[in-house]
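Peer 1: One structure coming up, written as structure tokens, with questions to follow.
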Amino acid sequence: MTSQSYRKPLRKAVFPVAGLGTRFLPATKAIPKEMLPIIDRPLIQYAVDEAREAGIDQLIFVTGRGKTAIVEHFDTAYELETTMSERGKSFEVLEPTRVQPGNLVTVRQQVPMGLGHAIWCARAIVGDEPFAIFLPDELMIGSPGCMKQMVDAYDEVGGNLISVLEVPYEQVSSYGVIAPGKRLDALDGALCEVTGLVEKPKVEDAPSNLIISGRYILQPEVMRVLEGQGQGAGGEIQLTDAMARMIGEQPFHAVTFAGRRYDCGSKVGFVEATLALALERDDMAAEVREIAQRLLG
Ligand code: UTP
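Okay, so the sequence shown: first residue is 1 according to the numbering used here, each after it adds one.
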């Protein structure tokens, strides 16, 4: 097994957006969770921007019922643009929502049977190429972005790669955790081999405190593994289980993300992200800081 055979360039990204978003109900009854904005950009836009920064331009959305707003967001809005230009307003702000014709494909996950199942639904479009996965509700803020850091690592080792972050041990039970192997010299020691993956371990059983964050680069063979895989934890088809079965078959590494992760799938994480990003923006930081200080008494 050499990495050489698993180094095809990365051009495609899968965005699983078919989940029900139950933690945000009733807000997400008619609006997809991935369209909730952190200040003025929906979560899905942050993920797409991160993909593009990493040189990935073929976007595959795994959608479901009630998710059409996501596709609309990346469509050209003629009426809006015409009206804005008639009124002499710039619509430059819409630039990130433009997609080259043919570069956005959607597939449907008819029933939300889990993340692994959502990814498997994209198999025909992924074809025989490596692909990235973005979970849009995990907001990764870094410079360069998380996927760009991963692509730099992929250029070194090829194969399968996941992004990981260190958390306090008492938090590991909420996440997928890696068993780390040999650490590599490349990229200032941010890269290590992965020898195992465990979904939501007990603290005492956790092989490390390195949690899988929502960015992956996987080889297409994972689709065949998902094909024959039954339900895992929570009765869902788990991506972690399929990845665990790839270890030993193909190169598998983790890269520690140099940046911050906000869990925008949870309400508190969402508020934290909003506040953190607002405090970094030139157009509002001073005002928001003043408000926050006032509220804190
Ligand atoms: P989550 O488990 O965080 O999302 O999945 P959820 O199920 O929508 O949220 P809650 O727990 O009910 O509040 C992470 C990502 O995977 C997608 C979700 O849309 C989200 O972007 N997903 C999850 C699917 O596309 N299909 C699934 O069957 C499950």
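Ideal Cβ positions, reconstructed from N, Cα and C, are used throughout, including at glycine.
Given the structure is predicted, the values throughout are model-derived calculations rather than measurements.
Counting along the chain, where does the alpha helix (DSSP H) carrying I60 start and finish?
Peer 2: Note, I60: premise wrong, no alpha helix (DSSP H); beta strand (DSSP E) at 58-63.
Peer 1: Under 8 Å by Cβ, that's how I've got A132 and A13 pegged, so tell me the actual separation to the nearest angstrom.
Peer 2: 4 Å
Peer 1: Taking the alpha carbon of V105 as the reference point, which residue from I247, V111, R23, V17 has its own alpha carbon closest?
Peer 2: V17
Peer 1: Does the beta-carbon of Y6 have 16 or more other beta-carbons within 10 angstroms, so that it is buried, or is it exposed?
Peer 2: buried
Peer 1: Let's test the definition: count the other Cβ atoms within 10 Å of the Cβ of T2 and tell me whether it reaches 16, buried, or not, exposed.
Peer 2: Since pLDDT at T2 reaches only 49, below the 50 mark, its modelled position is unreliable, and the value read off the structure follows with that caveat. Counting Cβ neighbours within 10 Å, T2 comes out exposed, since fewer than 16 surround it.
Peer 1: Kindly indicate the opening and closing residues of the beta strand (DSSP E) around R224.
Peer 2: Here R224 belongs to no beta strand (DSSP E); instead the alpha helix (DSSP H) covers 222-227.
Peer 1: So, helix, strand or coil for G189, using DSSP?
Peer 2: Residue state, collapsed to three classes: helix.
Peer 1: Across which residues does DSSP place D105 in a beta bridge pair?
Peer 2: Rather than Asp, the amino acid found at residue 105 in this sequence is Val. The partner list for V105 (beta bridge, DSSP) reads I60.
Peer 1: Which class does A179 belong to by DSSP, given the choice of helix, strand or coil?
Peer 2: Three-state result, A179: strand.
Peer 1: Nearest CA to the CA of F24: which residue from F270, L279, E280, T274?
Peer 2: Checking every option, the nearest Cα to that of F24 belongs to F270.
Peer 1: Taking Cβ positions, are V62 and F15 nearer each other than 8 Å?
Peer 2: yes
Peer 1: Consult DSSP for M113 and reduce its assignment to one of helix, strand or coil.
Peer 2: Coil.
Peer 1: Pick helix, strand or coil for Q293, following the three-state DSSP scheme.
Peer 2: If DSSP states are grouped into helix, strand and coil, Q293 belongs with the helices.
Peer 1: From the DSSP output, in three-state form, read off R123 for me.
Peer 2: helix
Peer 1: Just grab the DSSP bridge partners of S163 for me.
Peer 2: V255
Peer 1: At which residues does the beta strand (DSSP E) containing M140 begin and terminate?
Peer 2: 138-141
Peer 1: Which residue marks the beginning of the beta strand (DSSP E) containing K12, and which one marks its end?
Peer 2: 12-16
Peer 1: Examine the Cβ distances between the region 195-212 and the region 127-142 and report whether three or more of them are shorter than 8 Å.
Peer 2: no
Peer 1: Here's the rule: buried if 16 or more other CB atoms are within 10 angstroms of the residue's CB, otherwise exposed. What is E34?
Peer 2: buried
Peer 1: L115 CB to nearest chain B CB: under 8 Å?
Peer 2: Looking for chain B here will not work: only one protein chain is present.
Peer 1: Residues in the same chain with beta-carbon distance under 8 Å from A278, minus the five sequence neighbours each way, listed in chain order, please.
Peer 2: Hits under 8 Å: I39, M284, A285, V288.
Peer 1: Helix, strand or coil, according to DSSP, for S3 in the structure here?
Peer 2: Note on S3: pLDDT 49, under 50, position unreliable in the model; the coordinate value appears next. S3 falls in the helix class under three-state DSSP.
Peer 1: Between Y216, P101, M84, R65, which has its C-alpha nearest P112's C-alpha?
Peer 2: R65
Peer 1: Would you say C146 and S163 are within 8 Å of each other, going by their C-beta atoms?
Peer 2: Yes, Cβ-Cβ distance for C146 and S163 is below 8 Å.
Peer 1: Measure the alpha-carbon distance for L295 versus G21 and round it to whole angstroms.
Peer 2: 29 Å
Peer 1: Can you give the Cα-Cα distance for A258 and M150, rounded to whole angstroms?
Peer 2: 10 Å
Peer 1: Taking Q238 as the reference, give the member of K200, P37, G181 with the closest Cα.
Peer 2: K200
Peer 1: Look at the alpha carbon of P180 and the alpha carbon of L197, and state the distance between them as a whole number of angstroms.
Peer 2: The straight-line gap from Cα to Cα measures roughly 9 Å.
Peer 1: If V203 sits next to E170, beta carbons under 8 Å apart, how far is it from one beta carbon to the other, in whole angstroms?
Peer 2: 6 Å
Peer 1: Expressed to the nearest angstrom, what Euclidean distance is found between the alpha-carbon atoms of G297 and R260?
Peer 2: 27 Å
Peer 1: Measuring alpha carbon to alpha carbon, tell me which residue in S208, Q231, K182, L59 is nearest H253.
Peer 2: K182
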